[in-house]
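So, in structure tokens, the structure goes:
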């Protein structure tokens with residue numbers, strides 16, 4: 050095993066990885082940009098090194114600087130987390146060249162899956178079903194012609210893409226030119242590459258993905274599926290494992306295909322093969338994420354496998370400790386991503402200072418979070434600031450527990466999508482498990498407030514004003530720890546009846 | 050199922066029960082004494098009622114007042130938690146008389162197990178092995194005679210006892226008179242009853258207990274064992290499940306005996322049968338706790354059964370959903386009780402205000418806590434303020450995870466036994482699983498501080514003083530959010546090398 | 010002392026007498042408020058129903074964060090009300106409305122021109138921020154009075170993009 | 010500015026020059042301290058090693074809570090030191106020592122009499138608190154100078170029980 054691991058990331062995932070290293074007895078190195086000086090991952094690690102200013106291109110994306118820090122600190126392995134450099138083959142190669150273990154797949158596997166168009170070809174050759182569509186990057190004119198042939202709705206995707214960037218669904222031929230232009234712009238900005246391709250839209254479809262583990266000795270297993278159909282603009286918001294739509298037979302079929310996909314590119318370490326699943330049980334390869342996923346905890350909670358620790362073991366050359374038949378799913382897990390977005394204002398990202406924080410806990414609740422009181426939520430990075438994961442004996446218990454945990458979650462000072470999650474947990478469609486990737490599109494966020502809320506707010510504001518006025522009038526510092534005197538005398542009388 | 054449940058307790062267990070009710074969709078009622086007005090359980094419940102002043106006898110032990118509140122609030126069930134009225138048969142009867150369901154065993158089962166001397170007789174009759182000793186309450190003179198016959202060391206126990214009150218181990222005949230007097234004093238103060246009895250000391254012995262669930266339809270199962278050998282003055286400090294000393298065959302034998310013990314007193318609901326286990330695998334009935342245990346979460350984490358929810362279901366007349374063969378233990382769970390006691394000063398209870406709180410979280414970690422920033426830790430009640438529970442695939446992983454979680458736990462303003470737990474998790478004896486009930490007696494709390502601690506504290510204090518002085522001198526409010534300027538210039542030079 | 014409180018355009022009258030008795034809209038209510046020491050958080054028992062909320066001072070009142078919702082409660086006491094000569098409740102806005110940037114970013118596209126009639130929810134501007142394109146939509150119907158930005162321009166949070174009439 | 014800091018009877022000299030360079034006992038060290046806004050908590054990077062601690066002001070210095078341990082650091086700057094005419098470090102106590110009640114409770118038993126010689130760790134008093142009997146033991150060897158309490162008596166936290174010589 051390694052001696053010291055550098056985590057080339059920030060936020061909740063950096064902390065997740067640091068914890069795994071700590072539990073393995075490995076020394077840890079954090080890196081940080083200017084606004085992250087007091088971030089939890091910096092305080093959590095054994096050592097911390099400054100990278101540069103806020104923009105990712107000046108800090109978390111600086112391969113040269115990160116390798117330099119690893120050498121200076123004497124780290125013998127680097128974990129990239131997700132996002133940033135996690136799917137950057139050049140970074141994986143740079144680690145290897147510097148004699149440092151990259152905790153992830155080999156660069157060639159990242160490259161093979163990174164070009165979405167090439168990946169489609171490789172998968173087709175390996176007998177993995179793919180979504181019908183254009184098999185190469187196309188000009189706008191070719192795209193329009195192909196779209197008319199495949200039929201609408203149709204999906205535009207960035208060839209170099211991932212994370213929903215540059216993706217568009219188009220419903221009518223008239224809208225295609227504008228959508229192509231917008232998708233290319235976004236792809237160019239995100240990846241420096243404006244190539245796109247088209248895919249038939251499978252609709253309604255569920256997003257179901259298979260978690261894969263592959264060691265360096267040719268052993269590949271899968272840890273069952275996750276359903277991630279609750280997405281907004283191709284950003285997942287809610288994930289669960291197992292999927293309400295997958296039975297044992299389908300799980301076995303999808304798992305076998307996912308293992309085949311991983312083998313086809315010589316994959317090692319943890320990875321995820323994403324599929325679209327149609328109502329008839331047909332599934333189509335979407336892409337493979339050659340890294341740890343945001344939603345990996347739901348799989349951990351139903352299988353009991355610690356995926357990050359397995360990543361460490363695999364990267365250190367260990368053999369998988371399980372065979373496929375050892376993997377059993379128990380109960381049900383759900384994850385809600387907590388983002389700093391305003392669900393009442395079109396999910397607009399919001400910044401601000403966290404003035405108050407109370408995280409849920411208790412049975413079956415797991416929080417993975419970057420939040421702390423006093424934290425400045427920066428608009429420089431992804432708006433996801435935490436994840437809330439629950440486990441229940443059944444899906445029904447998991448939903449009730451998630452609802453309970455969401456209601457316990459207090460984050461003051463910034464707006465979050467917690468109210469959206471509460472509404473989803475209360476919705477008949479979600480409870481019934483009737484999910485597809487357009488769930489959020491159809492879902493109307495209710496602006497109605499609970500009936501007693503206004504009344505309570507009014508009384509609260511009046512009483513606080515009253516106390517402030519009294520304090521100001523008599524110039525006496527009232528000890529906040531003493532009990533309030535605002536008690537209606539009739540209450541005591543009522544009790545004496 | 051019920052409509053509304055009153056929780057007749059405070060602290061972490063009240064919150065635990067409120068959460069279970071919330072997840073079952075039941076309305077909840079909290080009760081509180083004066084110092085608990087802003088306690089988490091009051092803020093968590095749907096409704097809250099004041100009971101009286103701080104002393105338990107004026108608040109949480111007032112049967113009349115609690116029944117009155119339940120009626121006023123329209124609660125149709127009462128959960129007593131542990132401690133306070135949980136093993137008070139009169140309270141259980143008072144609930145029944147008021148037409149309210151008592152979430153616990155019938156009063157006669159509480160009475161049968163409550164008198165420890167009677168319980169020994171009942172168990173012997175049922176074929177449950179008991180520790181050799183005096184079978185009735187004895188005078189001091191009789192006790193001395195019996196002790197000489199049984200041999201030393203010998204244990205003194207209060208006939209009305211529980212929770213370690215009135216218990217004494219005596220090693221030499223000379224010490225017996227003084228110990229008898231002291232035990233009777235403590236028993237008198239705690240239970241208003243100074244009867245005692247003697248038991249042979251099984252030494253070395255492990256404290257191993259079996260969790261039992263019994264419905265109202267004659268079905269009784271067990272959920273395996275917990276080892277609670279890490280005790281100080283008969284107060285458990287660390288518990289785990291499974292026990293390193295119990296294999297499948299012994300678990301089956303102990304489980305069968307525990308189920309027999311429960312049946313012998315017509316037990317229903319959740320209960321725990323405590324045994325002493327000697328190195329040869331012989332086990333002896335100690336007592337039965339006719340209530341939810343503090344350490345129930347370790348069983349929940351390895352079996353996946355939510356014991357509090359089962360209590361609700363059983364009390365509502367539901368049948369058990371499992372047969373014995375459905376219960377499987379997976380992985381390993383450990384609990385550390387977080388008490389406001391100073392491990393460096395003979396575990397003296399300490400009070401104070403919680404000025405800062407950061408609770409551990411992440412994979413496999415569960416916190417059950419009554420703590421919040423601003424909380425005044427009262428010396429009126431039990432010094433246990435929280436529990437930290439972890440689950441791991443193996444015992445080794447659970448220990449490493451517990452160590453990690455303990456190091457993440459920050460509680461400012463009060464002293465806690467966290468440093469003791471960290472030292473135990475690092476001790477060879479604990480890691481090897483060599484446990485017995487005298488573990489803590491032999492364990493020496495190290496006062497040695499980490500080598501770099503003093504240096505860091507010195508630098509920190511100098512820098513903070515320096516900043517304060519500068520602020521005072523220039524009368525400028527320095528924004529605390531901006532990065533500190535204390536950076537040794539050579540650091541940047543070093544990086545440029 | 011009488012307090013007039015406005016929440017979501019609803020008016021409440023809260024009266025607190027010298028002995029601490031409280032009435033809401035003339036009806037006596039059983040209220041117990043306690044602050045969590047050192048925190049901006051309060052526990053309120055209203056007829057024994059338990060509420061926990063965080064409060065932050067804002068202009069003329071408090072922002073109350075309760076059950077995941079934020080309520081802006083504007084408070085006016087009876088003296089102030091008399092001084093103002095009756096209700097000081099703000100009249101509903103029918104005048105011009107400035108649409109501002111909710112986050113800093115770069116204008117990718119402006120979808121409307123001055124003089125356009127727009128419907129509630131119609132896209133006005135596309136703002137790139139955090140590497141995503143965000144559509145800024147009209148919060149109500151109206152006429153575009155003025156367009157303050159153009160594509161390619163960087164804007165700060167709160168900067169006016171469009172004035173709706 | 011030079012600071013003399015005493016922790017656990019160990020002396021450290023911390024020097025901070027005008028450009029922010031820091032030296033510990035004459036050796037330059039790479040230090041970066043940042044406060045968590047609004048919290049009594051700091052992050053310290055010392056030669057890139059990361060430490061998190063809470064600090065509370067106490068007489069003449071700070072109580073530093075670090076890795077579960079509390080360090081009392083007394084700070085004296087060079088001006089003050091000159092004023093005091095050299096080291097102000099408190100001399101080790103060899104005089105009488107008062108044994109106080111660590112918690113409020115009731116005295117159950119007094120195990121020693123005035124004039125008794127006691128060893129380090131010997132029980133002095135049994136104090137009942139929180140329904141448990143707690144033994145108060147001698148923190149060092151010495152002679153019992155005075156017994157201030159008797160059985161049955163209630164004592165407050167901090168009340169003197171025994172004076173050891």
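Residue numbers (my numbering), protein chains in the order written: chain U, 50 to 546; chain A, 50 to 546; chain S, 10 to 174; chain L, 10 to 174.
Yeah, the Cβ is synthetic: ideal placement off N, Cα and C, and Gly gets one too.
What you are looking at is a predicted structure, and each value in this text was computed from that prediction instead of being measured.
Beta-carbon within less than 6 Å of residue i's beta-carbon, same chain only, minus the 5 sequence neighbours each way: which residues are those?
{"i": "residue 360(A)", "result": "152, 318 and 319"}
{"i": "residue 295(A)", "result": "274"}
{"i": "residue 69(U)", "result": "357 and 358"}
{"i": "residue 118(S)", "result": "135 and 160"}
{"i": "residue 169(U)", "result": "179"}
{"i": "residue 135(A)", "result": "129 and 340"}
{"i": "residue 85(A)", "result": "59"}
Taking the beta carbon of residue i as the centre, do at least 16 other beta carbons fall within 10 Å, making it buried, or is it exposed?
{"i": "residue 260(A)", "result": "buried"}
{"i": "residue 169(S)", "result": "exposed"}
{"i": "residue 191(U)", "result": "exposed"}
{"i": "residue 143(S)", "result": "buried"}
{"i": "residue 432(U)", "result": "buried"}
{"i": "residue 523(U)", "result": "Reliability fails at residue 523(U), whose pLDDT of 47 lies under 50, so the model's placement of it is uncertain and the value that follows must be treated cautiously. Under this definition residue 523(U) is an exposed residue."}
{"i": "residue 499(U)", "result": "exposed"}
{"i": "residue 145(U)", "result": "exposed"}
{"i": "residue 515(A)", "result": "buried"}
{"i": "residue 55(A)", "result": "buried"}
Which residues share a DSSP beta bridge with residue i?
{"i": "residue 221(U)", "result": "For residue 221(U), which the question treats as bridged, DSSP gives no partner whatsoever."}
{"i": "residue 246(U)", "result": "206(U)"}
{"i": "residue 10(S)", "result": "In the DSSP output, where bridge partners are listed per residue, residue 10(S) has none listed."}
Identify, in the order they occur along the chain, each residue of the same chain with its Cβ nearer than 8 Å to the Cβ of residue i, setting aside the five sequence neighbours on each side.
{"i": "residue 197(U)", "result": "222"}
{"i": "residue 186(A)", "result": "166, 208, 244, 245 and 246"}
{"i": "residue 92(A)", "result": "none"}
{"i": "residue 127(S)", "result": "121, 133, 147, 150, 151, 152, 153 and 173"}
{"i": "residue 397(A)", "result": "390 and 391"}
Just to confirm my understanding: we take residue i, look at its own chain, exclude 5 residues before and 5 after, and list those with CB closer than 7 Å. What are they?
{"i": "residue 163(L)", "result": "115"}
{"i": "residue 108(U)", "result": "82, 100, 101 and 102"}
{"i": "residue 68(S)", "result": "none"}
{"i": "residue 447(A)", "result": "381, 382, 383, 439, 440 and 441"}
{"i": "residue 393(A)", "result": "494 and 496"}
Consider the C-beta atom of residue i and the heavy atoms of the ligand COA; say whether any pair is separated by less than 7 Å.
{"i": "residue 24(L)", "result": "No copy of the ligand COA occurs in the structure displayed, which carries no ligand at all."}
query = Are at least three pairs of beta-carbons, each pair with one atom in the region 307 to 315 of chain U and one in the region 152 to 169 of chain U, less than 8 Å apart?
reply = yes
request  = Answer yes if the region 495 to 513 of chain A comes into contact with the region 12 to 28 of chain L, meaning at least three C-beta pairs across the two stretches below 8 Å, and no otherwise.
outcome  = yes
key: Contacting positions in the region 43 to 66 of chain S - beta carbon closer than 9 Å to chain A   = 43, 44, 45, 46, 47, 48, 50, 51, 52, 54, 56, 57, 58, 59, 60 and 61
task = Compile a chain-ordered list of the residues in the region 77 to 88 of chain A whose CB is closer than 7 Å to at least one CB of chain U.
result = 86
Any 3 or more C-beta pairs closer than 8 Å across the region 45 to 55 of chain L and the region 419 to 429 of chain U = yes
inquiry  = With three or more C-beta pairs closer than 8 Å as the rule, is the region 483 to 497 of chain U touching the region 55 to 66 of chain S?
reply    = no
message = Residues of the region 359 to 374 of chain U in Cβ contact with chain A at a cutoff of 8 Å, in chain order, please.
response = none
query = What residues in the region 402 to 415 of chain U have a beta carbon less than 9 Å from any beta carbon of chain S?
reply = 404, 405 and 407
inquiry  = Under 9 Å, CB to CB, which of the residues in the region 417 to 451 of chain U have a partner in chain L?
reply    = 421, 422, 423, 424 and 425
ask   = Just checking, does the region 251 to 265 of chain A make contact with the region 273 to 290 of chain A on the three C-beta pairs under 8 Å criterion?
value = yes
request  = Spell out a yes or no on whether the region 341 to 349 of chain U and the region 287 to 303 of chain U are touching, meaning 3 or more CB-CB pairs, one atom from each, closer than 8 Å.
outcome  = yes
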